[in-house]
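Numbering (the numbering used here), first residue to last: 1471 to 1557.
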């Protein structure tokens, strides 16, 4: 199942709130589920980026904060299986 959102739409939704997503890991083909965000207020202060530089200037992968693991993780845009904003 391909995700029909553009890279910018994905980033906008992550900047606006929490997203429930799943993707296929490149390393081993395992499906990984994640609740993620790019909202600064949802990220613990000690885990926030040190600069205001956009962390997602990469064309292939997206860096997000995993709200369950409380760590930064990345996924490839072309490996997304599901992507649903959480109300």
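Just so it is clear, CB atoms sit at the ideal spot from N, CA and C, and this is done for glycine as well.
The structure displayed is predicted, hence computed values, not measured ones.
Could you give the distance in angstroms between the alpha-carbon of residue i and the alpha-carbon of residue j?
i: residue 1501; j: residue 1517; result: 25 angstroms
i: residue 1532; j: residue 1493; result: 12 angstroms
i: residue 1504; j: residue 1520; result: 23 angstroms
i: residue 1540; j: residue 1484; result: 15 angstroms
i: residue 1530; j: residue 1542; result: 16 angstroms
i: residue 1513; j: residue 1544; result: 15 angstroms
Are residue i and residue j closer than 8 angstroms when you measure CB to CB?
i: residue 1551; j: residue 1534; result: no
i: residue 1556; j: residue 1487; result: yes
i: residue 1536; j: residue 1506; result: yes
i: residue 1553; j: residue 1481; result: no
i: residue 1489; j: residue 1546; result: no
Decide if residue i is buried, meaning its Cβ has at least 16 other Cβ atoms within 10 Å, or exposed.
i: residue 1538; result: exposed
Give the DSSP bridge partners of residue i, in chain order.
i: residue 1504; result: 1491
i: residue 1555; result: 1489
i: residue 1541; result: 1536
i: residue 1550; result: 1493
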